[in-house]
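What follows is a set of notes on a single structure, which appears directly below.
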Amino acid sequence: MNSRSSWRRAAIAGCAILCLLTVRAGAQVDRATVSHGAAAEAEIKAAAAKPTPRASDGHVDLSGYWDFPQPSVSEHTKDGVVYASPFIPGANAPGQMQGDPNPPPYKPELLAKVKELAKNQTHADPAFHCKPLGVPRVGPPRQVIQTPKLVALFYQVDIGEGDQSGIGVRLIPTDGRSHRKDVDPMYFGDSVGHWEGDTLIVDVTHLTEDTWLGISGYFHSAALHVVERYTRKGNTLTYEATVEDPMVLTKPWTMTPQTVRLEEGMVVEQPPCDERDEQHLVNDDHHTRDF
Numbered sequence: 010m011n012s013r014s015s016w017r018r019a020a021i022a023g024c025a026i027l028c029l030l031t032v033r034a035g036a037q038v039d040r041a042t043v044s045h046g047a048a049a050e051a052e053i054k055a056a057a058a059k060p061t062p063r064a065s066d067g068h069v070d071l072s073g074y075w076d077f078p079q080p081s082v083s084e085h086t087k088d089g090v091v092y093a094s095p096f097i098p099g100a101n102a103p104g105q106m107q108g109d110p111n112p113p114p115y116k117p118e119l120l121a122k123v124k125e126l127a128k129n130q131t132h133a134d135p136a137f138h139c140k141p142l143g144v145p146r147v148g149p150p151r152q153v154i155q156t157p158k159l160v161a162l163f164y165q166v167d168i169g170e171g172d173q174s175g176i177g178v179r180l181i182p183t184d185g186r187s188h189r190k191d192v193d194p195m196y197f198g199d200s201v202g203h204w205e206g207d208t209l210i211v212d213v214t215h216l217t218e219d220t221w222l223g224i225s226g227y228f229h230s231a232a233l234h235v236v237e238r239y240t241r242k243g244n245t246l247t248y249e250a251t252v253e254d255p256m257v258l259t260k261p262w263t264m265t266p267q268t269v270r271l272e273e274g275m276v277v278e279q280p281p282c283d284e285r286d287e288q289h290l291v292n293d294d295h296h297t298r299d300f
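Residues in the sequence shown are numbered consecutively from 10, following the working numbering.
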């Protein structure tokens, strides 16, 4: 079975299941906050036990096609909150910020804005308008091509992620250069990388304000600065990101790590983007108009 097709079928089935789930007010859905269940965790553990390959220059080789294991339908956290499975980044049920076990530490005077954006996510979230998720919301890449002086990251946005789809590409120089000074803000920003042991560190600046850090109205300012960490262990790749934004956050925020596994023989494919859904988003409950 093609992994991409399997992922798509899971997403479609998940959408139907989500309609039947009763999610407590305040529960946020994001793949960074959802456990994928015992079976998927076992898959990750087995993949991590494989030998870790190295490139010709001695660094860990991050190259490959990476994907999440088959997601579960839902999980209950210790406080009883139900988190519906996101399947892919950006899909969520309506909720308030307090449902997130790891929310960004917004300044108190900005919490009302976060709450209002979350309430109106279907209209306010840039991801619902064919705009890239941006860094760090995009999460781990779908495919990596690594050379001694450059790492290319490919992101495949597919069914279920608002109205957007397509392939995003980031080119990360690892030759010791500094950030460019004469660039406009971009969705993926200006990135430079270096190695610290077996981890690729990517420093990201010049990020556009037209993205969110995650679901639930997690906006940011033009002062956003992100430090990403990519660590390969066996056939797994773990993505971590620390966010600094002194304009809106009280302190740096480290996102929940996300781990993907290697899928042999796969390559990213170009999905279509046909924005036809916005006209049917009539309220903030993620329901559509009857046809």
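Where a beta carbon is used, it is the ideal one built from N, C-alpha and C, also for glycine.
Cβ neighbours of Leu71 within its own chain (closer than 8 Å, five residues either side excluded): Val153, Gln155, Val160, Leu209, Tyr239, Arg241 and Leu246.
For Leu120, the uninterrupted alpha helix (DSSP H) run begins and ends at Leu120 to Lys128, by DSSP.
Counting only the Cα atoms, Glu205 lies some 16 Å from Arg186. In this structure, Val235 lies near Val213, with their beta-carbon atoms less than 7 Å apart. Between Gly198 and His215, the CB-CB gap stays under 7 Å. Rounded to the nearest angstrom, the gap between the Cα atoms of Glu249 and Ala47 is 22 Å.
One thing to note: Pro145 has its Cβ no nearer than 7 Å to the Cβ of Tyr164.
Of the candidates Met275, Val276, Arg270 and Glu278, Arg270 places its Cα closest to the Cα of Asp76. Closest in C-alpha terms to Leu233, from the list Tyr227, Thr220, Asp254 and Lys158, comes Asp254. In the DSSP annotation of this structure, Ala136 is not part of any beta strand (DSSP E), being labelled neither H nor E.
In the three-state DSSP reduction, Glu52 falls in the helix class (H, G or I). Counted as a single uninterrupted DSSP element, the beta strand (DSSP E) harbouring Ser200 occupies residues Asp199 to Glu205.
Secondary structure of Ala57 (DSSP, three-state): helix.
The alpha-carbon of Arg63 is positioned some 16 Å away from that of Ala56. The alpha-carbon separation between His132 and Glu118 amounts to approximately 23 Å. Residue nearest to Thr263 within the set Glu272, Ala136 and Pro110 is Pro110 (criterion: CA-CA distance).
Where Glu249 is concerned, the enclosing beta strand (DSSP E) starts and stops at Thr245 to Glu253.
As DSSP reads the structure, Val257 sits in no beta bridge. Here the alpha carbons of Gly73 and Thr217 stand approximately 28 Å from one another.
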